[in-house]
Amino acid sequence: MPRKLPTVISLNCFEVAARTESFTKAAEELCLTQSAVSRQVKSLEKFVGFLLFERVKQRLYLTDAGKIYKQKVKEILDQLESVPQDIIKRISGRLVIGVEDTLTITWLIPKLNDFKNKFPDIEVEIMTDLDKLYVKREGFDVGIIYGDAQWPECKAQYLMDEHLVAVCTPELYEQYGEVDKLKDVLNYPFLQHTAKLSCTVEWLTAAGLTPQEIDKVPGPRFERLRYIVEAAEHGLGIAIVPYYQVANLLSENKLVLARKKHFKCIDAYYVVSKKSKADDLKIKEFSKWLLKWNSH
């Protein structure tokens, strides 16, 4: 036998009107007309069989029965609102995250405990294979990928810009002075980044150098950014690196900005997942969680 229940909209209208003690304010909050709220409340009063409100000198007051009903309705609506989150928190299983190792160490790992607290039954596995991440685009459920978001088979959501900075030790800065133009970094001993997505190539290209000229720039060469940062800390030269990677070192004055202005790259970081996995709740929730950090 079907249950006789009031509509959710009538309960919602009543709860907001009871909380604000005004049909007008309830209408504004719910984006309805005042008459629509009034009709819903009258419909609810007809359903329950007693008055919920009374008017005294143009003011709206809850009846004694209305006060009791308000508390019960609030509890019901709170429960309805929390059900999806309760279900989501119980999602379990393994989730493979594809991300560059440098971004993992300096940006993602410090935040992962927050995700673990929210979703204790999801087991996160980090995959840092750049070939799978950038070339094959496989082997992960959610990727944090740098690029132009032109990946037809994937859903790509903007996460954050890439800002490059020129950093060195305070001693080296004292010796060589401030960098004005982008090209002036070459006045320093220069640490070259040789990865496919090279920070130094992007910086020097923007400075007007050709690929041939960049290739001839002298100085130590490193494939991984973390080695470049380590080399910069030891005074081997000036490093061109993402700001997020050296933010702590800058705050501790272990490194300083040789050029005060940051260089904003053309491309950005995106949260990426296969369109074929669009309905996977683990992927949805991790992506949503990642995107809340897009200004951090």
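Reading the sequence shown from the start, the letters are residues 226 to 521 in my numbering. Note that the Cβ used here is the ideal one computed from N, Cα and C, for glycine as well. Nothing here was measured: the structure is a model prediction, and the numbers come from that model.
- Residue pairing by DSSP places C393 opposite V481 in a beta bridge.
- Around K500, the same chain offers E378, C379 and K380 as residues with beta carbons nearer than 7 Å, after the five sequence neighbours per side are excluded.
- No Cβ-Cβ contact shorter than 8 Å links L450 with V426.
- Beta-bridge annotation (DSSP): G318 is paired with I347.
- In this structure, the CA atom of L397 is about 15 Å from the CA atom of E455.
- Between L277 and L285 the beta-carbon gap is near 10 Å, outside 8 Å, which marks them as no contact.
- Burial is judged here by how many other beta carbons sit within 10 angstroms of a residue's own beta carbon; K292 has fewer than 16 and is exposed.
- Residue state for Y383 is assigned as strand, using DSSP reduced to three classes.
- For L236, same chain residues with a beta-carbon under 8 Å away, outside a window of 5 residues either side, are L269, V298, I301 and L302 in chain order.
- Here DSSP, grouped into helix, strand and coil, assigns D440 to helix.
- Taking a cut-off of 8 Å on C-beta distances, the stretch 472-488 does not touch the stretch 435-453, as fewer than three cross pairs fall below it.
- A contact between stretches requires three or more CB pairs, one per stretch, nearer than 8 Å, and the stretch 363-376 meets this requirement with the stretch 317-329.
- With a 10 Å radius around the Cβ and a threshold of 16 neighbouring Cβ atoms, F415 comes out buried.
- Distances from the CA of L389 to each of R362, H418 and I330 were compared; the closest alpha carbon is that of H418.
- For E279, the three-state secondary structure derived from DSSP is strand.
- D504 carries a coil assignment under DSSP once its states are collapsed to helix, strand and coil.
- DSSP places A493 in the uninterrupted beta strand (DSSP E) bounded by F488 to K499.
- If you look at V233, you'll find it in the alpha helix (DSSP H) that goes V233 to T245.
- In the DSSP annotation of this structure, the continuous segment of the beta strand (DSSP E) that includes R284 starts and ends at R284 to L287.
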